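Participant: A single structure is presented below for examination.
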Amino acid sequence: MAQFAYDLNPVQHIIADAVGEPGKRTFFLQARAGSQLVSLVLEKQEVANLALSILQLLEELEEKYPDLPPVSKHHQVLQPEQPLEPIFRVGQLIIGYDEQEDMIWVIAKALVVTESGTILDPESDEVPAVRFVATREQMRALSEHALEVVAKGRPTCPLCGRPIDREGHFCPRSDGEAMPIIF
Numbered sequence: 007m008a009q010f011a012y013d014l015n016p017v018q019h020i021i022a023d024a025v026g027e028p029g030k031r032t033f034f035l036q037a038r039a040g041s042q043l044v045s046l047v048l049e050k051q052e053v054a055n056l057a058l059s060i061l062q063l064l065e066e067l068e069e070k071y072p073d074l075p076p077v078s079k080h081h082q083v084l085q086p087e088q089p090l091e092p093i094f095r096v097g098q099l100i101i102g103y104d105e106q107e108d109m110i111w112v113i114a115k116a117l118v119v120t121e122s123g124t125i126l127d128p129e130s131d132e133v134p135a136v137r138f139v140a141t142r143e144q145m146r147a148l149s150e151h152a153l154e155v156v157a158k159g160r161p162t163c164p165l166c167g168r169p170i171d172r173e174g175h176f177c178p179r180s181d182g183e184a185m186p187i188i189f
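If you read the sequence shown in the working numbering, its first letter stands for residue 7, the second for the next number, and so on.
Here it is, written out as structure tokens:
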């Protein structure tokens, strides 16, 4: 069995969220099991990919195991807990399903950069890992909430597709002729 710095099995609470202003947000994955509260830092795209991957896994499970009770789609209000003190930045995420327990697990491995600037292989024993084990309902709620959080970011420019900052946006496709876009 793999060694985990934290093994939250099962979680009582799990959330993917962000703090800060659009354009300067910090995205995180956080879970609680008993007295253990674990927070990890992710990139925005990693949060979106995790949410979509979980939703895809849930869909595949419904097809593969038609006898499973359906996952309710009620909207849970998820809130992060304080203090928000991440233990590491995520370098790799792995998701899976435990058929016997009917639980979904997420393993997060740290992004470890050596003094020489090289990135350690995530399969190395030196790389800390955390496992979160949650119900299908908890994972659906995490995914739906995460996609809402990701969507609350900066609007994109209709011409170039880049994010528009609060200070304005100079669009390279306007050839310098258009007024800056400000929201």
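Even glycine gets a Cβ: it sits at the ideal position worked out from N, Cα and C. Just so it is clear, the structure is predicted and the values come from calculations on it, not from any experiment.
Which whole runs of the beta strand (DSSP E) in the segment 51-125 are 3 residues long or more, in chain order?
Facilitator: 94-104 and 109-116
Participant: Am I right that alanine 135 and alanine 11 are in contact with their C-beta atoms under 8 Å? What's the rounded C-beta distance?
Facilitator: For the purposes of this step, residue 135 is taken as residue 129 along the sequence shown, with counting starting at 1. For the purposes of this step, residue 11 is taken as residue 5 along the sequence shown, with counting starting at 1. Rounded, the Cβ-Cβ distance is 6 Å, consistent with contact.
Participant: Look at valine 139 and alanine 116 and say whether their C-beta atoms are less than 8 Å apart.
Facilitator: Reading the sequence shown from its first residue, position 133 is the one you call residue 139. Reading the sequence shown from its first residue, position 110 is the one you call residue 116. No, these two residues do not count as a Cβ contact at 8 Å.
Participant: Within this structure, are the beta carbons of proline 86 and aspartate 23 separated by less than 8 Å?
Facilitator: Sequence index remark: in the sequence shown, residue 86 carries index 80 (1-based). Sequence index remark: in the sequence shown, residue 23 carries index 17 (1-based). Yes, these two residues count as a Cβ contact at 8 Å.
Participant: Is the segment 62-79 close to the segment 157-164, with three or more CB pairs under 8 Å?
Facilitator: no
Participant: Inspect the CB distances between the segment 51-62 and the segment 19-34 and report whether three or more fall short of 8 Å.
Facilitator: In short, these stretches touch, since the Cβ pair count reaches three.
Participant: Based on the DSSP output, what are the partners of alanine 11 in its beta bridges?
Facilitator: Against the sequence shown, residue 11 aligns to sequence position 5. Alanine 11 pairs with nothing; no bridge assigned.
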